[in-house]
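Residue 46 in our numbering is what sits at position 33 of the sequence shown, and the numbering runs on without skipping anything. Ideal Cβ placement from N, Cα and C applies to all residues, glycine included. Here's the structure, in structure tokens; my notes come after.
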Amino acid sequence: MDDSDVKIFKKEKRDDKFDEIGLISKMNEERGNGNIDKSKRLGSYLASIFLDKDVLLQKLRPIIGDKEYTKAESFQIKILMFFAAEYQLNSLLPNNILRNTAINALYDDIHDKAEEFYKEFSDGAEYSFYYLAVRKNDDISHNIGKCFSMLCGKGKENEEYASLGSELWSGVLEEVEEIIRRYEFVGMKK
14 MDDSDVKIFK KEKRDDKFDE IGLISKMNEE RGNGNIDKSK RLGSYLASIF LDKDVLLQKL
74 RPIIGDKEYT KAESFQIKIL MFFAAEYQLN SLLPNNILRN TAINALYDDI HDKAEEFYKE
134 FSDGAEYSFY YLAVRKNDDI SHNIGKCFSM LCGKGKENEE YASLGSELWS GVLEEVEEII
194 RRYEFVGMKK
């Protein structure tokens, strides 16, 4: 039986010109109200915090305590922090233009200032595990904690590391939200 002429969905022609004009208009609006510049500065600021070991330790001390972590565990702490920051940028910034601008500035700065970390980080599968943990959508913090424990090589059921991962996730979300709100983006929900 030949079904080459059967069409289940009608192919709609998209008006790409309209999409391009709308995007250009939105970009001009965001540039004009200062949001693009704020997004760039926000991404760079977050990178500077995360890449400065002393500042980072000071901010994380209430969560991680004085315990010495292995190099691999410290790497996982940083990865979780970047993932949480990106998650929060995507959650709170008013539109994709600003989200992408901030995230690109964050990763551009990491690439420029910590190339070795950037390569190791961008080649890793950690984000995939965290995306899956978030997509489960039942208790994100708990899921992230278990994932963090697993990525640290402790297994998903290690309470100490699962709790640490969960607390890091919540702490970074809170900190990044406070930072984002200080930038006072036009159009951001209060």
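- The C-beta distance from Ile193 to Leu55 rounds to 7 Å, short enough to meet the 8 Å contact threshold.
- For Thr114, the enclosing alpha helix (DSSP H) stretches over residues 109–126.
- Cβ neighbours of Leu64 within its own chain (closer than 6 Å, five residues either side excluded): Lys126, Ala127.
- Ser162 is positioned such that its CB atom lies closer than 8 Å to that of Ala175.
- Here Leu164 has Gln89, Glu139 as same chain residues with Cβ atoms under 6 Å from its own Cβ, once five neighbours each way along the sequence are excluded.
- For Leu106, same chain residues with a beta-carbon under 8 Å away, outside a window of 5 residues either side, are Ser52, Arg112, Ala115, Ile193, Phe198, Met201 in chain order.
- Cβ-Cβ separation between Ile92 and Gly47: approximately 31 Å, too far for a contact (criterion under 8 Å).
- Rounded to whole angstroms, the gap between the alpha carbons of Asp152 and Ile49 is 33 Å.
- With a threshold of 16 other beta carbon atoms within 10 Å, Ala98 meets it and is buried.
- The C-alpha of Ala85 is placed about 44 Å away from the C-alpha of Gly45.
- Secondary structure at Phe198: coil, using DSSP grouped into helix, strand and coil.
- Inclusion of Gln71 and Val189 in the CB contact set at 8 Å is not warranted, their separation being larger than that value.
- In the three-state reduction of the DSSP assignment, Glu188 falls in the helix class.
- Taking each of Lys66, Leu73, Tyr58 in turn and checking the Cα distance to Val185, the smallest one comes out for Leu73.
- Residue nearest to Arg195 within the set Leu59, Ile77, Ile123, Ser38 is Leu59 (criterion: CA-CA distance).
- Nearest in C-alpha terms to Lys203, of all of Ser141, Ile123, Ser104, is Ser104.
- The shortest C-alpha to C-alpha distance from Ser38 to any of Gly168, Ile110, Trp182, Ser179 is the one to Ile110.
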